[in-house]
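Written below as structure tokens is the structure these notes are about.
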Amino acid sequence: MTLEIQAQKREILGKKTKTLRKNGLIPAELYGSGAQNEHLQIKEADFSRIYKEAGENTMINLVFGEETRPVLVHEVHINPVTDELLNIDFYQVDLKKKVTTHVPLEYVGESRAVEELGGILNKVLDEVEVEALPSDIPHEIKVDISVLDDFSKSITVADLKVGAKFEILTDDETVVASITEPREEEEELEEELSPEDIEVEGEKKDRDGETKEGEDDDEDKTAKLNA
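Residue numbering for the sequence shown follows the working numbering, beginning at 27 and increasing consecutively.
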């Protein structure tokens with residue numbers, strides 16, 4: 027089922043849009059394939075709910091007045107200091123033409139190399155580039171890490187399960203995930219302090235002790251002469 031969001035045409039432009047935000051409304055712009063640019067406003071609560079579910083790669087029906095437009099969220103403008111939602115750009119799509127977008131990866135399952143062998147999971151990619159009709163863009167692509175059962179294995183883009191309705195454009199040989207083998211604690215200890223280091227340190231202590239003892243003897247002799 028396609029998600030839907032309600033909007034209204036906007037007459038307030040420029041700096042005056044601050045008054046909209048104070049009333050819980052966010053200014054938005056609509057443009058794109060065969061679309062006449064429209065100035066819109068949307069309830070912030072409605073957009074936050076839909077955007078959390080759709081992201082930037084799921085088609086939404088944008089409804090305003092008597093019109094319904096198929097759109098993608100093209101860009102969300104946020105104040106970098108206050109995190110305030112400032113403006114939204116919607117891109118109208120042609121339902122009969124393929125579009126290129128980025129789809130997030132969702133890592134699922136458990137890796138034996140991590141759970142039992144103490145390896146570290148490296149998530150190299152968090153999204154891939156995809157081409158599809160607007161209505162066929164997947165919300166996410168799952169990456170099953172259970173195949174990573176030893177340190178020699180990795181997952182590449184070619185290993186991802188691709189639906190018949192979309193194509194992944196990211197290079198097939200690109201690594202998606204791998205496992206780093208842990209270093210043994212014993213090896214780390216030997217690297218930090220070798221037998222040669224221990225011997226040299228002991229010799230240094232002996233030399234320091236001899237010097238100190240010689241200094242004590244000289245002090246005793248001086249005391250006797252003064253007496």
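Note that beta-carbon positions come from the ideal geometry of N, C-alpha and C, so glycine has one too.
The model shown is predicted, which means the values in this text are computed figures rather than measured ones.
Can you give the Cα-Cα distance for residue i and residue j, rounded to whole angstroms?
{"i": "Arg138", "j": "Ile167", "result": "22 Å"}
{"i": "Lys69", "j": "Phe90", "result": "12 Å"}
{"i": "Thr94", "j": "Asn87", "result": "6 Å"}
{"i": "Glu157", "j": "Pro96", "result": "17 Å"}
{"i": "Ala249", "j": "Arg209", "result": "The predicted model places Ala249 with a pLDDT of 48, which falls under 50 and marks its position as unreliable; any figure quoted below should be read in that light. When rounded, the distance between both Cα atoms is 59 Å."}
{"i": "Val201", "j": "Lys123", "result": "30 Å"}
{"i": "Lys44", "j": "Val99", "result": "21 Å"}
{"i": "Glu136", "j": "Glu101", "result": "34 Å"}
{"i": "Lys149", "j": "Pro160", "result": "27 Å"}
{"i": "Phe177", "j": "Gly145", "result": "7 Å"}
{"i": "Phe192", "j": "Ser59", "result": "20 Å"}
{"i": "Asn113", "j": "Asp198", "result": "36 Å"}
{"i": "Tyr77", "j": "Lys42", "result": "25 Å"}
{"i": "Asn83", "j": "Glu142", "result": "36 Å"}
According to DSSP, which residues form a beta bridge with residue i?
{"i": "Tyr117", "result": "Tyr57, Leu98"}
{"i": "Thr182", "result": "Val201"}
{"i": "Asp152", "result": "Bridge partners of Asp152: none, in fact."}
{"i": "Leu51", "result": "Lys69"}
{"i": "His165", "result": "In the DSSP output, where bridge partners are listed per residue, His165 has none listed."}
{"i": "Phe177", "result": "According to DSSP, which records beta bridges pairwise, Phe177 is partnered with nothing at all."}
{"i": "Ala139", "result": "None, per the DSSP bridge assignment."}
{"i": "Tyr133", "result": "Val169"}
{"i": "Asp112", "result": "Position check: residue 112 holds Leu in this sequence, whereas Asp was assumed. According to DSSP, which records beta bridges pairwise, Leu112 is partnered with nothing at all."}
{"i": "Glu30", "result": "Asn87"}
{"i": "Ile76", "result": "Answer by DSSP bridge pairing: none, since Ile76 is not bridged."}
{"i": "Leu147", "result": "Ile205"}
Thinking residue i and residue j are a contact (beta carbons under 8 Å), I'd like their distance in whole angstroms, please.
{"i": "Ile31", "j": "Met85", "result": "In fact, because the Cβ distance is near 11 Å, the residues do not count as touching under 8 Å."}
{"i": "Ala61", "j": "Leu29", "result": "Incorrect: roughly 19 Å between the Cβ atoms, too far for contact."}
{"i": "Ala14", "j": "Leu147", "result": "Nothing can be reported for residue 14: it is not among the residues displayed for the chain, which extend from 27 to 253."}
{"i": "Leu56", "j": "Phe116", "result": "5 Å"}
{"i": "Leu111", "j": "Ile52", "result": "6 Å"}
{"i": "Val140", "j": "Ile205", "result": "7 Å"}
{"i": "Val134", "j": "Val188", "result": "That belief does not hold up - the Cβ atoms of Val134 and Val188 are roughly 16 Å apart, past 8 Å."}
{"i": "Leu46", "j": "Ala54", "result": "About 10 Å separates the two Cβ atoms, so there is no contact after all."}
Decide if residue i is buried, meaning its Cβ has at least 16 other Cβ atoms within 10 Å, or exposed.
{"i": "Val107", "result": "exposed"}
{"i": "Arg36", "result": "buried"}
{"i": "Leu39", "result": "exposed"}
{"i": "Leu131", "result": "buried"}
{"i": "Ile104", "result": "exposed"}
{"i": "Ala71", "result": "exposed"}
{"i": "Glu64", "result": "buried"}
{"i": "Ala190", "result": "exposed"}
{"i": "Ala33", "result": "buried"}
{"i": "Thr126", "result": "exposed"}
{"i": "Asn49", "result": "exposed"}
On the three-state DSSP scale, how would you describe residue i?
{"i": "Thr206", "result": "strand"}
{"i": "Lys35", "result": "strand"}
{"i": "Thr248", "result": "A caution first: Thr248 carries a pLDDT of 49, below 50, which makes its placement in the model too unreliable to give a value."}
{"i": "Val188", "result": "coil"}
{"i": "Thr126", "result": "strand"}
{"i": "Val89", "result": "strand"}
{"i": "Leu159", "result": "coil"}
{"i": "Leu46", "result": "helix"}
{"i": "Glu9", "result": "Residue 9 lies beyond the range of the chain shown here (27 to 253); nothing can be said about it."}
Determine, using beta carbons only, whether residue i comes closer than 8 Å to chain B.
{"i": "Asp198", "result": "In the displayed structure, chain B is absent; only one protein chain is listed."}
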